[in-house]
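Protein chains in written order, with the working numbering: chain A, 24 to 381; chain B, 47 to 413.
Glycine is no exception: its CB is placed at the ideal position from the N, C-alpha and C atoms.
Keep in mind it's a predicted model, so treat the numbers as computed, not measured.
Since the structure comes first, as structure tokens, the remarks are kept for the end.
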Amino acid sequence: MSAGTQPSGGLDFEGWTCPLPLRHTPNVVMGHGGGGAMSAELVESLFVPGYGEAAATELGDAAVLPPVEGRLAFSTDSYVVKPMFFPGGSIGDLAVNGTVNDLAMVGARPLYLSTAYIVAEGTPMEQLGRVAEAVGRAALAAGVRLVTGDTKVVDHGSGDGVYINTAGVGVVPEGVELAASRMRPGDRVIVSGAIGVHGVAVMSCREGLEFGTTVESDSAALHGLVADVLATGGDVRVMRDPTRGGVSATLNELASASGTGVVLDERLLPVPAEVRDACGLLGLDPLQVANEGKLVAVVAAEDTDRVLKTMCAHPLGAEATVIGEVVADHPGVVVARTGIGGTRVMDMPIGEQLPRIC
Amino acid sequence: MKYLDEFSDPDLARALLDQIHEATTGQWALMEVCGGQTHSIIRHGIDQLLPDGIEMIHGPGCPVCVTPLAVIDKALEIARRPEVIFCSFGDMLRVPGSRDDLFTIKSQGGDVRVVYSPLDALRIAQDEPEREVVFFGIGFETTAPANAMAVHQARRLGVGNFSLLVSHVLVPPAIEAIMESPSCRVQGFLAAGHVCSVMGTSEYPPLAQRYQVPIVVTGFEPLDLLEGIRRTVVQLEEGRHEVENAYPRAVPAEGNPAAKAMLEDVFEVTDRTWRGIGEIPRSGWRLSPRYADFDAERRFSVEGIDTAESAICRSGEVLQGLIKPPQCEAFGRECTPRNPLGATMVSSEGACAAYYAYRRLDLVEAG
């Protein structure tokens, strides 16, 4: 059956093929994920130009990569943020920076990314194009190559806009060993800048929750900052990027994995006024709100000044500060000293943060 | 935002604490009525900094916690229906009914949405006229005006596909019930500042007189709470029992006349069951007959649902200030925020959840 003709009478399943949908559609249709001409068109006319210089010359099913010196780091993450576009970024930036940061947190220099899209039927082509451009820009800025990818389209109602999975490969320099098991009592906990910014930026434009704020997402690739920190030669025990669950979840994970306790001083936490106010209104704890361009580093006490100075000299670490220390007491538990001198246990957030009723 | 920094100032907090320590000679049991105050006291560690002579008893002022199981089950029954968009404040989603919670209903395909205002739910009803939009209208005098406004607007605009599942409760009858209890230990109250910002302070002098207790209208930031505690202790030490307003920046004596007029129009006083406490006469609001068409219980015929509470959960005693959360045998064992048996463990304003979240260290250290 050729394009545009209507079936006359019953379907002939023997020789039946899907009628080729309209090629010049303003929205994504099922055919764009079918692996045929429309899929190829999508790659050639949308992803390749969108990715620009960050794309490999051939975006095949598999990439053949040159040999590398050193240990490989490999990571994957999926991105489903809603809305797809928010102040200061989009799902495209997150999909690159998130996986780059996961590699960076083990000390790796990120090299290659794959990008796989699951797109809901009916998603405006223009939105997918903007996402692809954001992916390309972020990859270029991070110095990683986009070497292979995939696109699937799901029925209207089975998905929502664009979901992206990225997997990344990087190489870990000789001598770099970052692990929670290396944490020791007396170590200092550093955060690389203002916390809670990304989560508040996304919430500020979520449907039904819109509120005015000047906060923009902090989405950024952190491997440059990590490289500078490692180059100091200071004893960095472990690094993490406090994304979902915020600084609270990260520190709880570290305390639990290392068998040490962590004590924070709430007065030292870099919480911007807008974040604190938005969290106050929504009944959320800034420590549990997501970040996308910050890292938490646990550093040997004697090397803290050196590491902090280096971080502060980097544009992504200008507001880095010590927020607490590792202790032998209460293993696995994170305790915060409150502003007025009390203490509280800072628990791992359970699931989604639930806004309080009043 | 002004008032956050100013009312958390560590030096001023220290000064107030010194005054409280200086003033306290006796043993006093104070109740903060509102769950928001409980949260703030535990969150900032205020109770750890008070003199040994002062005990803070956590009151029944968490709207999520006192909403009876039967009402939750009614909500779940309504939310399950395919034609319904069930809108709620976020806190209520994890509150367990007798079988499920709203999260479970949502995962099973129920259209459950978190909103920040009942007026958002009304807007959804206008946008989707073919669906039935129900808002879960719970809470104290604080959340009631906005709910009243939503119903009032729905009637005025003829939005027939909007309704309210109402379980509003009132603070003064709860104070009365606590004072009438034979096991009552409370000697002074921090009244809930935001309730008074709506209703004013006129309901409290008769209570202070009848039960000979000081009642101090108190806010929510650390300095507000310390000032409320200080004033209550000073009254107790001097043998006075008066109503004082320590939150004048939000509470005028007459309250908010526009909100009160709206409440009077939409609601009428009714007996209410409080989870863990039981029925308190004339302690809540229901929709007045003029607005009966907007009553979700009637519209979805769920009036008959009546569920008994968990047998091992002692949230009722916690809510009445008879025990502290860790004194419940299930606390931190069978009952945790991840697997809550009672509502006081569910809401972040619930006393059990606040103890679990912020005080687990004491329990860890105690083994």
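Going along the chain, which residues of its own chain have a beta-carbon closer than 6 angstroms to the beta-carbon of GLU101/B, five neighbours each way excluded? Excluding sequence neighbours, GLU101/B sits near ALA75.
Where does ASP93/B fall in DSSP's three states? helix
Which residues in chain A sit within 7 angstroms of ALA59/B, going by Cβ to Cβ distance? ILE363
How many Å lie between GLY145/A and VAL51/A at the Cα? Taken atom to atom, the span from the alpha-carbon of GLY145/A to that of VAL51/A is near 5 angstroms.
Compare the C-alpha of GLU315/A against each of GLY115/A, GLY159/A and VAL71/A and name the closest. GLY115/A
Mind pulling the chain A residues with CB within less than 9 angstroms of ILE92/B? THR361, ILE363 and GLY365
Close-in-space but distant-in-sequence residues of the same chain around PHE109/A (CB under 7 angstroms, 5 per side omitted): Within the same chain, ALA224, VAL225, CYS228 and SER240 come within 7 angstroms of PHE109/A by CB-CB distance, once the 5 residues on both sides are set aside.
How close, in whole Å, do the beta carbons of THR366/A and GLN94/B come, if the pair is a contact with beta carbons under 8 angstroms? Contact between THR366/A and GLN94/B holds: their C-beta atoms lie close to 7 angstroms from each other, under 8 angstroms.
To the nearest angstrom, how far is it from the Cα of GLU363/B to the Cα of GLU233/A? 40 angstroms
What residues from chain B crowd round ASP370/A, counting only those whose CB sits closer than 9 angstroms? Those are PRO383, TYR402, ALA403, TYR404 and ARG406, listed as they occur along chain B.
Give a yes or no on whether the C-beta atoms belonging to ASP258/A and GLU325/A are separated by under 9 angstroms. yes
Leaving out the 5 sequence neighbours to the left and right, which residues in its chain are closer than 6 angstroms to TYR186/A when beta-carbon positions are compared? VAL103 and ILE141
Neighbour-count burial assignment, LYS332/A, 16 or more Cβ in a 10 Å radius: exposed
THR333/A beta carbon near the ligand GTP (any heavy atom closer than 8 angstroms): In the structure on display, the ligand GTP does not appear, and there are no ligands present to speak of.
Below 8 angstroms CB to CB, which residues in the same chain sit around ARG317/B once its five sequence neighbours on both sides are set aside? One point to set straight first is that residue 317/B is Asp, not Arg, in the sequence displayed. Answer for ASP317/B: GLU325, ILE326, PRO327, ARG328, SER329 and GLY330, listed in chain order.
With 9 angstroms as the threshold, decide whether the Cβ of SER54/B is near any Cβ in chain A. yes
Count the CB pairs spanning the stretch 251–258 of chain B and the stretch 212–225 of chain B that are closer than 8 angstroms, and state whether there are at least three. With contact defined as three or more Cβ pairs closer than 8 angstroms, the stretch 251–258 of chain B and the stretch 212–225 of chain B are in contact.
Considering just the uninterrupted stretch of the alpha helix (DSSP H) at PRO49/A, what are its terminal residues? Neither: PRO49/A is in no alpha helix (DSSP H) and is coded neither H nor E.
Tell me the start and end of each unbroken alpha helix (DSSP H) in the stretch 208–294 of chain A that is at least 4 residues and wholly inside, in chain order. If we require 4 residues or more, the alpha helix (DSSP H) runs fully inside the stretch 208–294 of chain A come out as 220–226, 246–254 and 269–281.
Whole beta strand (DSSP E) elements within the stretch 166–199 of chain A, 3-residue minimum: Segments of the beta strand (DSSP E) lying fully in the stretch 166–199 of chain A: 168–177 and 185–195.
For ARG384/B and ALA399/B, what's the separation of their Cα atoms in angstroms? 10 angstroms
Pair within 9 angstroms by beta-carbon distance, GLY340/A and LEU253/A: no
From the DSSP output, in three-state form, read off VAL117/B for me. helix
Rounded C-beta distance between LEU318/A and MET369/A? I'm assuming under 8 angstroms. So it is not a contact: roughly 18 angstroms between Cβ atoms.
Would you list, in chain order, the members of the stretch 95–108 of chain B that have their beta-carbon closer than 9 angstroms to a beta-carbon of chain A? LEU95 and CYS108
Go to ASP317/B, then tell me how far its alpha helix (DSSP H) extends in each direction, as first and last residue. Careful: ASP317/B lies outside any alpha helix (DSSP H), inside the beta strand (DSSP E) at 313–320.
Name, going along the chain, the residues of the stretch 218–242 of chain B whose beta-carbon falls closer than 8 angstroms to a beta-carbon of chain A. HIS240
Along the chain, where does the alpha helix (DSSP H) containing GLY121/A start, and where does it finish? 114–127
In whole angstroms, what is the alpha-carbon distance linking LEU122/B and PHE149/B? Near 10 angstroms, if we compare the C-alpha coordinates of PHE149/B and LEU122/B.
Closest to SER281/A by CA distance: which of VAL357/A, SER242/A, GLY121/A and VAL87/A is it? VAL357/A
What number of angstroms, rounded off, separates the C-alpha of THR189/B from the C-alpha of ALA77/A? 52 angstroms
My understanding is that ALA203/A touches LEU277/A, with C-beta atoms under 8 angstroms, so please give their C-beta distance in whole angstroms. 5 angstroms
Cβ of ARG439/B less than 9 angstroms from any chain A Cβ? Absent from the structure is residue 439/B, since the part of chain B shown begins at 47 and ends at 413.
Determine the direct distance from the alpha carbon of PRO268/B to that of GLU52/B, and round the result to whole angstroms. 10 angstroms
Among VAL117/B, TYR257/B and CYS80/B, the one whose alpha carbon lies nearest that of GLY350/B: VAL117/B
Quick one: does ARG290/A have its CB under 9 angstroms from some CB of chain B? yes
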